[in-house]
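Visitor:
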Amino acid sequence: MKLKTTLMTAAFSMAATIAMGADFKPAVIYDMGGKFDKSFNEGVWAGVKKFTDETGVEVMEFEVTNEAQREQAMTRMVQRGATVVLGVGFAQADAIDKIAGENPDVQFSIIDVSWLDKPNLRQYAFKEQEGSYIVGVAAAMASETGKVGFVGGMDIPLIRAFGCGYVQGVKATKADAEVFENMTGTTPTAWNDPAKGAELTQGQIDRGADVIYQAAGGTGVGVIQAAKDAGKLSIGVDSNQNHMAPGSVLTSMLKRVDVAAYSTFKDAMDGNFTAGVQNLGLAEGGVGWALDENNAELITPEIKAAIEDATAKIVSGDVVVHDYRADNTCPM
Amino acid sequence: MADFMLQLLLTFDATLRLATPLILCAMAGIFSERSGIVDISLEGKLLSGAFVAAAVTALTGSPWIGLMAAICASVFMSLIHGFACITHRGDQVVSGLAINILASGLTIIIGIALFKKGGQTPALSSDERFRGIEWFGVNLMDNIPIIGTIYRQLISGHSLLVYMALLAVPLCAFILYRTRYGLRLRAVGEKPESVDSAGVSVAWLRYRALIIGGIFCGIAGAYLSISHGANFVREMSAGKGYIALAAVIFGNWRPIKAFYACLLFGFLDAATSRLQGVDIPLIGEIPIQLMLAIPYIVTVLLLAGFIGRPTPPAAIGVPYEK
């Protein structure tokens, strides 16, 4: 008897949740690293926080700590009545594709993915090549030797796109500049090998490079460190990494995942949610560069003017930055 | 030509830096495997050493305390390994693998709990690290051509831990081949019954070998995170423990030969880093993909033909039961 009552209560409360589900209920699933990872996830968190501060709507959160949890967490959010679920990072692509297919009434959104196709799934991709182009401009301006470097993580088209955009920016500013491009490896350990990153950087410095841009995850920590140890400049990536070696990080190429997170929830709330791929570039404020107290002295008025000029040209369409991913080649 | 010489010298210089963690781990591996314990847990010990060194140094501000803590952590991991496979006669490979997984998960979880940086530890300032030491008379030697450059680039200017790694090799060789403990250690890996019948404890000998290995792995870990690098990054050992184990096998479980194998791996790593995108005389520019594959190709070639048949210690992997 007692069990029956409990079950009935449970059924009732579930029905109530579903009824309430008609309201707006956002959820976000952070990926490995957690929401305070000083990087990708924390960027998303900043966008979520902005949304909550502005609208007063709380966002349900989950931090994935191992691979198996991604799908579970999404199912769980849907069961708890979420009306829009945001996945963070391409690692969640398979999970979100499956769960979005199973729950056609729920809206889904994912960052850093562009290859899925579901009528209730929005995907955010970034024009990393544009952000890399403008930091390339900064690198060429700041370099005294006319030689700059790029250290990539795993050798995949995405990272090639970073490198290619960077080279275009450097060459557009100083046609005779030399760019050394290195990749750390061809397996996922290439993202977590700061020792190798430091050696690649040292190698480029030995060949005369004095500004080194990294797009290499944890390996990039070694790049920034090696540049600092040698008294050279480095450029951070994804989030603002200027603080990692104040006075030695020239700037950081920003991927504004906070913009993607904020607009997902804002659009869903206002009933403007659309499926499909959103490409965020300089014009949409999706990529950019970092200026704060840590690099204020490094960014001279000339460098700032050059970056702003390049940004304006890309936004207006006068300059088109080639995307390596479009045809797997780099014109430079 | 002079430029090429300098580049070559700088590559050798990088070789030493990259080989240091391999050398230390290989020495650790030799001790443990010579005593009859398979040690695939080098990777996990290296990783936990790296994490503890960076975390403790960040909290206390002293790299020396960090180094000591790293050694303690790594020895502790060794003792777990020993407890599972010496005391309880468990499978040594399974136990070693468990330690690797434990280290991989634990370092990230504790790192996030302590510093909230996604598993990274805060960056250390220059005086909180083991930095390069300028040797006496570097500027004086500069006047001598070639030798001066070699002295400056190759011999001087490394961190204390690099020199420790280089000293570890003759030390290991001495302990293994010139001391009573070394003799017993080699015997226990070949025929533990003989050691036992001589009235010497097999378990205690093996425990001591694991502890020595733990000390070396701890130093190697500290080198990664507070000397070569300036903080801990998740999974930063990046397979170096396994490469060291390969070097042990390459070197036929002998310190000097394993040392050469480590230098070879270090050199290949340094060369692939430096030759990416460089115009090599006569050959031209080698594609990055091929460059990155070279260490593996060389490994396969060496294993397939150039290295003689490796002879592991006879009792390796077999738990000792009276």
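Residue numbers (numbering that gives the first Met the number 0), protein chains in the order written: chain W, 0 to 331; chain S, 0 to 321.
Note that CB positions come from ideal geometry on N, CA and C, so glycine has one too.
Does the beta-carbon of Q288/S have 16 or more other beta-carbons within 10 angstroms, so that it is buried, or is it exposed?
Guide: Q288/S should be labelled exposed.
Visitor: If you follow the beta strand (DSSP E) that S272/S is in, where does it begin and where does it stop?
Guide: Careful: S272/S lies outside any beta strand (DSSP E), inside the alpha helix (DSSP H) at P254 to L274.
Visitor: Determine which residues of the segment 74–103 of chain S have a Cβ less than 7 Å from any Cβ of chain W, and write them out in chain order.
Guide: Taking 7 Å as the Cβ-Cβ cut-off against chain W, none of the residues of the segment 74–103 of chain S qualify.
Visitor: Got a sec? Which residues, its chain only, sit under 8 Å from D192/W by beta carbon, not counting five neighbours each side?
Guide: Correct list, in chain order: T183, G184, G217, T218 and G221.
Visitor: Please list, in chain order, all residues of the same chain as P309/S whose beta carbon is under 6 Å from its beta carbon, the five residues on each side excluded.
Guide: Answer for P309/S: I248 and N251, listed in chain order.
Visitor: L66/S lies in the alpha helix (DSSP H); which residues open and close that run?
Guide: Looking at the DSSP string, the run of the alpha helix (DSSP H) that includes L66/S is P62 to G81.
Visitor: Against chain S, with Cβ distances strictly below 8 Å, would G20/W count as a contact?
Guide: Confidence at G20/W is low in this model, with a pLDDT of 42, below 50, so the placement of that residue should be treated as unreliable; the coordinate-derived value is given next. It does not: the Cβ of G20/W has no partner Cβ on chain S nearer than 8 Å.
Visitor: Does the count of Cβ pairs from the segment 169–177 of chain W and the segment 129–144 of chain W closer than 8 Å reach three?
Guide: Flag = yes, the segment 169–177 of chain W and the segment 129–144 of chain W touch.
Visitor: Output, in chain order, the set of chain W residues within a Cβ distance shorter than 7 Å of R273/S.
Guide: Within 7 Å Cβ-Cβ: G202.
Visitor: To the nearest angstrom, how far is the alpha carbon of F305/W from that of D111/W?
Guide: It is Ala, not Phe, that sits at residue 305/W in the sequence shown. Going from the Cα of A305/W to the Cα of D111/W covers about 28 Å.
Visitor: Would a check of beta-carbon distances place T74/W closer than 8 Å to chain S?
Guide: Answer no: the Cβ-Cβ gap between T74/W and chain S never drops below 8 Å.
Visitor: Taking C-alpha atoms, which residue in V320/W, F50/W, K173/W and A325/W lies nearest to E129/W?
Guide: Among V320/W, F50/W, K173/W and A325/W, the Cα nearest to that of E129/W is on V320/W.
Visitor: Name, please, each residue of chain W whose Cβ falls closer than 8 Å to the Cβ of H157/S.
Guide: Result: empty, since nearest Cβ-Cβ is about 13 Å, beyond 8 Å.
Visitor: Judging by CA-CA distance, which residue of K37/W, G316/W, V236/W and A215/W is the nearest neighbour of T120/S?
Guide: Here the closest residue by C-alpha is K37/W.
Visitor: Ordered along the chain, which non-local residues of its own chain (more than five positions away) have a Cβ less than 7 Å from that of N119/W?
Guide: Contacts found: A99, P103, V105, Q106, F107 and A274.
Visitor: Relative to chain W, which residues along the segment 231–255 of chain S have a C-beta separation below 7 Å, given in chain order?
Guide: Hits within the stretch, in order: V232, R233, E234, M235, A237 and G238.
Visitor: I think S158/S touches F129/S, with their Cβ atoms under 8 Å apart; what is that distance to the nearest whole Å?
Guide: The Cβ separation is near 4 Å, so the contact holds.
Visitor: Verify the CB distance criterion: does V83/W have a CB-CB separation below 8 Å to chain S?
Guide: So, not an interface residue.
Visitor: Just mark A229/S as buried or exposed, buried being the case when its beta carbon has 16 or more other beta carbons within 10 Å.
Guide: Classification of A229/S: buried, given that the 10 Å Cβ count is 16 or more.
Visitor: Consult DSSP for L281/W and reduce its assignment to one of helix, strand or coil.
Guide: Coil at L281/W, not helix or strand.
Visitor: Mind reading off the beta-carbon distance from A257/S to A269/S? Whole number of angstroms is fine, and I expect it under 8 Å.
Guide: Actually they are not in contact, since the Cβ atoms of A257/S and A269/S sit about 18 Å apart, beyond 8 Å.
Visitor: Tell me the DSSP secondary structure of N340/W in three-state form.
Guide: The question about residue 340/W has no answer here: the residues shown for chain W are numbered 0 through 331.
Visitor: Taking all protein chains shown into account, do 16 or more other C-beta atoms lie within 10 angstroms of the C-beta of Q78/W, making it buried, or fewer, making it exposed?
Guide: So Q78/W ends up on the exposed side.
Visitor: Between L23/S and chain W, is the shortest Cβ-Cβ distance under 8 Å, so that the two count as touching?
Guide: No, L23/S does not count as interfacial toward chain W.
Visitor: Use the C-beta contact count for E127/S: other C-beta atoms within 10 angstroms, 16 or more gives buried, fewer gives exposed.
Guide: Label assigned to E127/S: buried.
Visitor: Kindly give me the distance between the Cβ atoms of D30/W and V87/W, rounded to whole angstroms, as I take these residues to be in contact under 8 Å.
Guide: The pair is a contact, with the Cβ atoms about 5 Å apart (cut-off 8 Å).
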